[in-house]
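**Student:** Before I ask anything, here is the structure I am working with.
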Amino acid sequence: MSSVRVLVGTRKGAFILTSDEKRTDWQVSGPHFAGWEIYHINGSPSDPNRLYASQSSGWFGQIIQRSDDGGQTWNPVGNQFAYEGETGTHQWYDGTQHPWGFTRVWNLQPSLSDPDTVYAGVEDAALFKSTDGGHSWQELPGLRSAKGHLWQPGAGGMCLHTILLDPSNPDRIYVAISAAGAFRTDDGGQTWLPINKGLKSDYELPDPDADVGHCVHNLAMHPARPGVLFMQKHWDVMRSDDAGGLWREVSGNLSSDFGFPIAVHAHEPETVYVVPIKSDSEHYPPEGKLRVYRSRGGSEQWEALTNGLPQKDCYVNILRSAMAVDKLDSCGIYFGTTGGQVYVSPDSGDHWMPIVHDLPAVLSVEVQTLP
Amino acid sequence: MIRVIIPYHLRNLANVGSEVAIQVEEPVTQRAILDALEMRYPMLRGTIRNHQTKERRPFIRFFACGEDWSHEAPDTPLPEAVANGQDVFRIVGAMAGG
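Same order as they appear, the protein sequences are chains A and B. For the first sequence, our numbering gives the first residue as 1, with consecutive numbering after it. For the second sequence, our numbering gives the first residue as 1001, with consecutive numbering after it.
Here's what the structure looks like:
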């Protein structure tokens, strides 16, 4: 019987939630790394027992943890993230130039084929790669050459928060940075192209044709159609059918097109999920109603999914890395909230139930589907 | 042997008790203690001081014989009581952040 393992990063530790394919009875393991911020935990697609976790603290800095047994035991590996060459500067909040400085790892993305190869998206924004199971890290500095001097921090810092690996082309990687935009490499990370044409950031960027500086919150892709990308921008839900060459808005009838996470159904490449948030000034669901929205056609028609979700007095946020899908026949959708709930829908969003109610604020959710 | 007390979260990271005993070459200084500590517990590298510059992280403090040594030069010899193991060298996570 298949099972699922949900990897939850929170403000105060990591939690691992497991269930069989019914996804009704759950075992909770944790807190792992109690008291530390866990920005992301992720598993290797080629060896599901290989997990990587980003553990950080304002006092003690960055730790990378690795498990080789599905999260039962962990060992710290390398935590030195040194930018290549001249560190350089990026734009600061006041428009002046500011030196690049490492703060933390936001995203860990293991290679699709090699469990010892893993990418790390960091703040200040850069992409690092390890080919020795996390013991050592090397920057792919070509990314910061893509007009890095014009990038600027968003409210959460200048973070590289999203890494998408193209399963059809190992040399193609997409990343997203707040507030710089989306970028693509077609040569394994040596050179990068800003892919932000069609994004409109009227209130944030004075230049309507700016190719960097956009506040991209999250990207999603279906592995069967890696050239089709979906984006939750600061405001606006966007879609590209040509690997980021041009974006068009698909916000349609959403109750708000501000939000953080975006996800694609495991078996339906045109079914997309977002969680609208009221605004950039009020980070909670519109009208106090927690609603996931689903678009069946990848277009502008969205339906609110509410069954099992609180429909009054709900003022949590759902952060950019806190939504994921499993690959079971009946696709499961998962998301975590800043109020410490992790919800699951075992039927593609039609019905929801909380797995846990009272964790620390959830920073990230990933799901592994195990045989 | 030099006695070093490290903060709670770093004890868990290094899987040690509150106090560790390490061999340090003379003269016993902050730098010598931290070098020896990181050699024995490599997972602590980068958690107390910067990997490259070796500067103390902002919310870390060093105490010896009841005095704050955080702003002393890293190569200043520490008190004899620390050097001979009578007293401990304390690495403290500053109270900050609420």
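Note that CB positions come from ideal geometry on N, CA and C, so glycine has one too.
Could I get the ranges of all uninterrupted alpha helix (DSSP H) runs contained in the region 138–183 of chain A, with 4 residues as the minimum, in chain order?
**Tutor:** none
**Student:** Take the Cβ of ARG1045(B) as the centre, count every other Cβ of all protein chains shown within 10 Å, and call the residue buried at 16 or more, exposed below.
**Tutor:** With a threshold of 16 other beta carbon atoms within 10 Å, ARG1045(B) meets it and is buried.
**Student:** Using the C-alpha atoms, what's the distance from PHE60(A) back to HIS1009(B)?
**Tutor:** 8 Å
**Student:** Closer than 7 Å by beta-carbon distance: list the chain B residues that pair up with SER201(A), in chain order.
**Tutor:** Under the 7 Å cutoff, chain B gives no residues; its nearest Cβ is about 33 Å from SER201(A).
**Student:** Using 8 Å as the cut-off, can you tell me whether the region 1011–1029 of chain B makes contact with the region 338–345 of chain A, which would need three or more C-beta pairs spanning the two stretches below that distance?
**Tutor:** no
**Student:** Can you list, in chain order, the residues of the region 1054–1071 of chain B whose Cβ is nearer than 8 Å to any Cβ on chain A?
**Tutor:** ARG1057, PHE1059 and ILE1060
**Student:** Quick one: list the residues of chain A neighbouring GLN1052(B), beta-carbon separation under 9 Å, in chain order.
**Tutor:** GLN80 and ALA82
**Student:** Please confirm if the region 251–264 of chain A is in contact with the region 298–314 of chain A, defined as three or more CB-CB distances below 8 Å between the two stretches.
**Tutor:** yes
**Student:** I'd like to know if ILE41(A) contacts chain B, where contact means its C-beta is closer than 9 Å to some C-beta of that chain.
**Tutor:** no
**Student:** Chain B partners of GLN62(A), CB-CB under 8 Å?
**Tutor:** GLY1046
**Student:** Distance, Cα to Cα, VAL274(A) vs HIS135(A)?
**Tutor:** 35 Å
**Student:** Give a yes or no on whether the minimum CB-CB distance between GLY1093(B) and chain C is below 9 Å.
**Tutor:** As a matter of chain content, chain C is missing from the structure shown, whose protein chains are A and B.
**Student:** Could you spell out where the alpha helix (DSSP H) holding ALA1036(B) opens and where it closes?
**Tutor:** 1030–1040
**Student:** Any Cβ of chain B within less than 9 Å of the Cβ of GLY35(A)?
**Tutor:** yes
**Student:** Which residue comes first and which comes last in the beta strand (DSSP E) that contains HIS1009(B)?
**Tutor:** No beta strand (DSSP E) holds HIS1009(B); the alpha helix (DSSP H) holding it covers 1008–1014.
**Student:** Grab the span of the alpha helix (DSSP H) containing ALA53(A) for me, first residue to last.
**Tutor:** Note, ALA53(A): premise wrong, no alpha helix (DSSP H); beta strand (DSSP E) at 51–57.
**Student:** Within the chosen definition, does the region 1014–1030 of chain B reach the region 29–45 of chain A through at least 3 CB pairs nearer than 8 Å?
**Tutor:** no
**Student:** List the residues of chain A that LEU1013(B) touches, going by C-beta distances under 7 Å, in chain order.
**Tutor:** Those are ILE63 and PRO76, listed as they occur along chain A.
**Student:** Can you look up MET1043(B) in the DSSP assignment and give me helix, strand or coil?
**Tutor:** helix
**Student:** Identify the contact partners of SER57(A) in chain B, using a Cβ-Cβ distance below 7 Å as the criterion.
**Tutor:** HIS1009
**Student:** Which word fits ASN218(A), buried or exposed, when buried means at least 16 other C-beta atoms lie within 10 angstroms of its C-beta?
**Tutor:** Burial call: buried.
**Student:** Closer than 8 Å, Cβ to any Cβ of chain A: which residues of the region 1034–1045 of chain B, in chain order?
**Tutor:** Listed by position, the residues of the region 1034–1045 of chain B near chain A (Cβ gap below 8 Å) are MET1043 and ARG1045.
**Student:** Does the ligand FMN have even one heavy atom less than 8 Å from the beta-carbon of PHE260(A)?
**Tutor:** With respect to the ligand FMN, the structure shown offers nothing to examine, as it has no ligands at all.
**Student:** Inspect the CB distances between the region 178–194 of chain A and the region 205–213 of chain A and report whether three or more fall short of 8 Å.
**Tutor:** yes
**Student:** Buried or exposed: which applies to GLU86(A), given that a residue is buried once 16 or more other Cβ atoms fall within 10 Å of its Cβ?
**Tutor:** exposed
**Student:** State buried or exposed for TYR334(A), treating a residue as buried only when at least 16 other CB atoms are found within 10 Å of its CB.
**Tutor:** buried
**Student:** Indicate the three-state DSSP secondary structure (helix, strand or coil) for VAL1082(B) in the structure shown.
**Tutor:** helix
**Student:** Just to confirm my understanding: we take ASP202(A), look at its own chain, exclude 5 residues before and 5 after, and list those with CB closer than 8 Å. What are they?
**Tutor:** PRO208
**Student:** Roughly how many angstroms separate the alpha carbons of ASP166(A) and MET221(A), rounded to a whole number?
**Tutor:** 9 Å
**Student:** Please say whether ARG50(A) and VAL344(A) have beta carbons closer to each other than 9 Å?
**Tutor:** no
**Student:** Spell out a yes or no on whether the region 136–152 of chain A and the region 75–84 of chain A are touching, meaning 3 or more CB-CB pairs, one atom from each, closer than 8 Å.
**Tutor:** yes
**Student:** Between which two residues does the beta strand (DSSP E) holding VAL1024(B) run?
**Tutor:** Careful: VAL1024(B) lies outside any beta strand (DSSP E) and carries neither H nor E.
**Student:** Please tell me whether MET231(A) and ILE262(A) are closer than 9 Å, where the distance is taken between their beta carbons.
**Tutor:** Yes; because the gap between Cβ atoms is below 9 Å, this pair is in contact.
**Student:** Give a yes or no on contact between the region 1077–1088 of chain B and the region 1040–1055 of chain B, applying the rule of three or more CB pairs nearer than 8 Å.
**Tutor:** no
**Student:** Where do the N-terminal and C-terminal ends of the beta strand (DSSP E) with MET1095(B) fall, by residue?
**Tutor:** Run containing MET1095(B): none; DSSP gives neither H nor E here.
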